[in-house]
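Engineer: Okay, handing you the structure first.
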Amino acid sequence: MEMGNFPEFAFHLLEALSLIFAGLLALLIVAIIYMYIVDINQTEQTIRRNYPVIGRLRYKFEHLGEFFRQYFFAQDREELPFNRAQRSWVYRAAKNVDSTIAFGSTRSLDKPGDLLFLNDPFPTLEEEAKEASHVTIGPYADKPFITNSIYNLSGMSFGALSVPAVTALATGAKKAGIWMNTGEGGLSSYHLQSGCDIVFQIGTAKYGVRDNNSQLCDEKLRGVAAHEQVRMFEIKMSQGAKPGKGGILPGEKVNDEIAAIRGIPVGEDSISPNGHPDIRNIDDLLDMIARIRNVTGKPVGFKAVIGTSAWLEELCEKIHTRGIECAPDFITVDSADGGTGAAPQSLMDYMGTPLKRSLPKVINILISYNLKDRIKVICSGKMVNPSDVAAALCMGADFVVSARGFMFALGCIQALQCNKNTCPTGITTHNPKLQKGLIPSNKAERVANFVKNMRKEVGIIAHSCGVVEPRKLNRSHAELINERGIPMPMSDVYPLPQIKPEYRVESHRSPE
Ligand SMILES: Cc1cc2nc3c(=O)[nH]c(=O)nc-3n(C[C@H](O)[C@H](O)[C@H](O)COP(=O)(O)O)c2cc1C
2 MEMGNFPEFA
12 FHLLEALSLI
22 FAGLLALLIV
32 AIIYMYIVDI
42 NQTEQTIRRN
52 YPVIGRLRYK
62 FEHLGEFFRQ
72 YFFAQDREEL
82 PFNRAQRSWV
92 YRAAKNVDST
102 IAFGSTRSLD
112 KPGDLLFLND
122 PFPTLEEEAK
132 EASHVTIGPY
142 ADKPFITNSI
152 YNLSGMSFGA
162 LSVPAVTALA
172 TGAKKAGIWM
182 NTGEGGLSSY
192 HLQSGCDIVF
202 QIGTAKYGVR
212 DNNSQLCDEK
222 LRGVAAHEQV
232 RMFEIKMSQG
242 AKPGKGGILP
252 GEKVNDEIAA
262 IRGIPVGEDS
272 ISPNGHPDIR
282 NIDDLLDMIA
292 RIRNVTGKPV
302 GFKAVIGTSA
312 WLEELCEKIH
322 TRGIECAPDF
332 ITVDSADGGT
342 GAAPQSLMDY
352 MGTPLKRSLP
362 KVINILISYN
372 LKDRIKVICS
382 GKMVNPSDVA
392 AALCMGADFV
402 VSARGFMFAL
412 GCIQALQCNK
422 NTCPTGITTH
432 NPKLQKGLIP
442 SNKAERVANF
452 VKNMRKEVGI
462 IAHSCGVVEP
472 RKLNRSHAEL
482 INERGIPMPM
492 SDVYPLPQIK
502 PEYRVESHRS
512 PE
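Numbering-wise (the numbering used here), the sequence shown opens with residue 2 and increments by one.
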């Protein structure tokens, strides 16, 4: 370009820019007039009718506020369901970066209900420390499941989760040596391909193991059990986030593959019954457990959030009447504040009891009926940091499982959109554009790191309490802060019960 032409060129450029600007301005004015006319004539939204055009900003800001609060305004320990401190630990653990913090704790140490561990003057030395011990689940099943993995993957269905998410979780589970629960959406090739241990969940719709009349099908059960890596079966009685409501998978998420695995029409909402039509009382439950165990040869338990609890005593009594071999091999106690892909707010906010109430209750009932050894207790509900897991072990849980902890390990940012097919991190959406950022091989590594660091730090707590491995933690190792801000021994707040005299002798036939 010649220098002499420059002013003329600049003049043309300026002229073109002003034309574009004038055009855009005209377009904007037309758009504003259009919106104004639409807003004052519409009858759906009061704010837009009363404050045309400008009223629209309210809806935009309300939506954006969710994100701004998280990044700029919320304190480290104030967000729900998970605060930044909880999430950051998972992100760091998953990325395997330094998880130490500096200066001092930002956790208030006098909040009623919170827990403190009791350190021993002579902590376990590194050379004395041991791995968590092995536990046998289902000693009366043909193929009991023996594992030492204290922290495992809770049920999330394929459907609620995307293909890359299930693939990453299954691969990470294999690397970490933990089990993965399928959730109620059936078993897919993505669960199987890594070879990880699997717990097959049977939801109220019996997806994956139902016949044409939606009834449980023994042949299909056998088919699932034929996979060596399917180690156990879990009957889902209820789920913390929505007790008394079945699974809800919005139609937009029901694609060809999911429809085929579940045995339902493509594009239609997948809504499972709010309870098992064939399990209406304790006898039905025990019959169902026996049936699935006989057909599959593998341990069988059930998952429930605890509301009323008298039925648990009835269950224990019936187990003794039938003989303890007929007991469920495990009970998964889910907290009322558990997560879900989709649930009605009234159930999510108000139904069921949280784990701090239900876990000691279930464990104490099992102890008083001398069934605690026979029935393993798995628990779930916001157990995403080592302190949560160690606290559950202190209370007497045998295993802890988590769903959302693993979602964070996959990169979940708590956008609260699992029910919309718009998950920005590709975890709970079937939109390929949004899945593109979730690279299974990379995230599988993060899942494995998360478990590795979880185990390491639960171990650190156990060793500080003076025991050689996490399973040796008990109620004497923790205190709970009371309403006056004073820590009280966990064993005083939740005393261990005596075994009822009539059940002191176990009512079982020895396994062959
Ligand atoms: C996206 C999503 C899907 C879920 N799907 C199931 C399911 O199919 N079956 C089930 O029993 N629980 C399901 N859950 C509940 C979890 O398994 C778990 O019980 C609950 O979220 C508590 O654990 P957490 O606090 O670690 O997430 C789901 C949870 C989430 C977040």
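Beta carbons: idealized from backbone N, C-alpha and C, even for Gly.
Alpha carbon to alpha carbon, how far is residue 290 from residue 512? Give it in angstroms, no decimals.
Structural biologist: With a pLDDT of only 42 at residue 512, under 50, the local geometry of the prediction cannot be trusted, and the value read off the model is given with reservation. One C-alpha to the other measures close to 17 Å.
Engineer: Counting only runs that start and end within the segment 304 to 343, where is the alpha helix (DSSP H) found for 4 or more residues in a row?
Structural biologist: Segments of the alpha helix (DSSP H) lying fully in the segment 304 to 343: 311 to 323.
Engineer: Can you tell which of 341, 317, 427, 22 has the C-alpha that lies nearest to the C-alpha of residue 374?
Structural biologist: With distances taken between Cα atoms, residue 374 lies closest to 317.
Engineer: Give the straight-line distance between the Cα atoms of residue 483 and residue 113, rounded to the nearest whole angstrom.
Structural biologist: If I take the Cα positions, the gap works out to 5 Å.
Engineer: Helix, strand or coil: which one does DSSP assign to residue 480?
Structural biologist: Residue 480: strand per DSSP, three-state reduction.
Engineer: At a cut-off of 7 Å, would you count residue 205 as near ligand 1, judging by its Cβ distance to the nearest heavy atom?
Structural biologist: Not under cutoff, so the answer is no.
Engineer: DSSP three-state call for residue 240: helix, strand or coil?
Structural biologist: Coil at residue 240, not helix or strand.
Engineer: With H, G and I counted as helix, E and B as strand and the rest as coil, what does DSSP make of residue 389?
Structural biologist: DSSP places residue 389 in helix when its eight states are reduced to three.
Engineer: Compute the distance between the beta-carbons of residue 264 and residue 255, then report whether it is under 8 Å.
Structural biologist: Not closer than 8 Å, so no.
Engineer: May I ask which residues mark the beginning and end of the beta strand (DSSP E) holding residue 89?
Structural biologist: Note, residue 89: premise wrong, no beta strand (DSSP E); alpha helix (DSSP H) at 85 to 96.
Engineer: Between the alpha carbons of residue 300 and residue 292, how many angstroms are there, rounded?
Structural biologist: Cα-Cα distance, rounded: 11 Å.
Engineer: Which residue marks the beginning of the alpha helix (DSSP H) containing residue 403, and which one marks its end?
Structural biologist: Unbroken run through residue 403 is the beta strand (DSSP E), 400 to 403; no alpha helix (DSSP H).
Engineer: Suppose you measure from the CA of residue 443 to the CA of residue 169; what does that come to, to the nearest Å?
Structural biologist: Between residue 443 and residue 169, the C-alpha separation is close to 8 Å.
Engineer: Could you tell me which residues DSSP puts in a beta bridge with residue 198?
Structural biologist: Partner(s): 180.
Engineer: Relative to the alpha-carbon of residue 221, which residue among 262, 337, 392 has its alpha-carbon at the smallest distance?
Structural biologist: The shortest C-alpha separation from residue 221 is found at 262.
Engineer: Do the CB positions of residue 422 and residue 97 come within less than 8 Å of each other?
Structural biologist: Contact: no.
Engineer: Given that a residue counts as buried once 16 or more other Cβ atoms are within 10 Å of its Cβ, and exposed if not, what is residue 346?
Structural biologist: The residue is exposed, with fewer than 16 neighbouring Cβ atoms inside 10 Å.
Engineer: Quick one: what does DSSP say residue 510 is sitting in, helix, strand or coil?
Structural biologist: Its pLDDT being 49, under 50, residue 510 is placed unreliably in this model, and the coordinates cannot settle the point.
Engineer: Can you tell me where the beta strand (DSSP E) with residue 148 in it begins and where it stops?
Structural biologist: Residues 146 to 148.
Engineer: Below 8 Å on the Cβ atoms is my guess for residue 378 versus residue 364; work out the distance and round it to an integer in Å.
Structural biologist: That belief holds up - the Cβ atoms of residue 378 and residue 364 are roughly 6 Å apart, short of 8 Å.
Engineer: Tell me whether residue 173 sits in a helix, a strand or coil according to DSSP, three-state version.
Structural biologist: Reduced to three states, the DSSP call for residue 173 is helix.
Engineer: Kindly examine ligand 1 and report whether one of its heavy atoms sits closer than 7 Å to the Cβ of residue 419.
Structural biologist: Result yes, Cβ under 7 Å from ligand 1.
Engineer: Within the continuous beta strand (DSSP E) that includes residue 488, where are the two ends?
Structural biologist: Taken as a continuous stretch (DSSP letters only), the beta strand (DSSP E) holding residue 488 covers 488 to 490.
Engineer: Cβ of residue 128 within 8 Å of Cβ of residue 469?
Structural biologist: Their beta carbons are not under 8 Å apart, which means residue 128 does not touch residue 469 by this criterion.
Engineer: Measuring from the CB of residue 269, is there a heavy atom of ligand 1 at a distance below 7 Å?
Structural biologist: Residue 269: no, Cβ never under 7 Å from ligand 1.
Engineer: In angstroms with no decimal places, state the Cα-to-Cα distance between residue 248 and residue 78.
Structural biologist: Taking the straight line joining both Cα atoms gives about 31 Å.
Engineer: Are residue 382 and residue 308 closer than 8 Å when you measure CB to CB?
Structural biologist: Not closer than 8 Å, so no.
Engineer: Using the C-alpha atoms, what's the distance from residue 394 back to residue 465?
Structural biologist: So the alpha carbons of these two residues sit roughly 15 Å apart.
Engineer: Run through DSSP, which three-state label would residue 234 get?
Structural biologist: Residue state, collapsed to three classes: strand.
Engineer: Rounding to the nearest angstrom, what Cα-Cα distance links residue 488 and residue 184 in this structure?
Structural biologist: One C-alpha to the other measures close to 38 Å.
Engineer: Are the beta-carbon atoms belonging to residue 182 and residue 200 less than 8 Å from one another?
Structural biologist: In contact: residue 182 and residue 200 (Cβ atoms closer than 8 Å).
Engineer: Using a Cβ-Cβ cutoff of less than 7 Å, which residues in the same chain neighbour residue 241 once the five nearest sequence positions on both sides are dropped?
Structural biologist: Correct list, in chain order: 306, 335, 336, 337, 338, 339, 353, 382.
Engineer: Taking only runs that begin and end inside the segment 440 to 470, name each unbroken alpha helix (DSSP H) of 4 or more residues, in chain order.
Structural biologist: Within the segment 440 to 470, the complete alpha helix (DSSP H) runs of at least 4 residues are 441 to 465.
Engineer: Could you please give the first and the last residue of the uninterrupted alpha helix (DSSP H) stretch that includes residue 51?
Structural biologist: It spans 47 to 51 - the alpha helix (DSSP H) in which residue 51 sits, taken as one unbroken run.
Engineer: So, does the segment 322 to 329 touch the segment 214 to 231, judging by three or more C-beta pairs under 8 Å?
Structural biologist: Counting Cβ pairs under 8 Å, fewer than three are found: no touch.
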